[in-house]
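K.L.:
Numbering (the working numbering), first residue to last: 3 to 91. In this text, a Cβ means the ideal position worked out from N, Cα and C, and glycines have one as well. Take a look at the following structure, please.
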């Protein structure tokens, strides 16, 4: 694990989802990991995660479904990488 972010992502469910799942909102703590093992050794253990994929940091936003998550990733991960690269130059 590289980092656990202090800022969380939270959102309210619409009425249909609230009725279906029994929750009003969700708050998610985000983590940044770097996997150094064999990619083929990874496989989901339950229904919550059904697939595992690897992407370059620049391509991640193409696969994120929610705008709030995209904005979070850009703000906290991509900007962190830009600042790190600026220190190297």
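Tell me the DSSP secondary structure of residue 73 in three-state form.
P.N.:
helix
K.L.:
Where does the unbroken beta strand (DSSP E) through residue 27 begin, and where does it stop?
P.N.:
27-34
K.L.:
Could you give the residue range of the alpha helix (DSSP H) that holds residue 17?
P.N.:
17-23
K.L.:
Going straight from the alpha carbon of residue 77 to that of residue 29, what length do you get?
P.N.:
Going from the Cα of residue 77 to the Cα of residue 29 covers about 18 Å.
K.L.:
I need the straight-line Cα distance from residue 37 to residue 21, nearest angstrom please.
P.N.:
37 Å
K.L.:
Closest to residue 25 by C-alpha separation, out of 12, 61, 63, would be which residue?
P.N.:
12
K.L.:
With residue 53 as the anchor, note down where its beta strand (DSSP E) starts and where it stops.
P.N.:
It is not in any beta strand (DSSP E) - residue 53 carries neither H nor E in the DSSP assignment.
K.L.:
Under DSSP, the beta strand (DSSP E) around residue 40 begins and ends at which residues?
P.N.:
Element bounds for residue 40: n/a, residue is neither H nor E.
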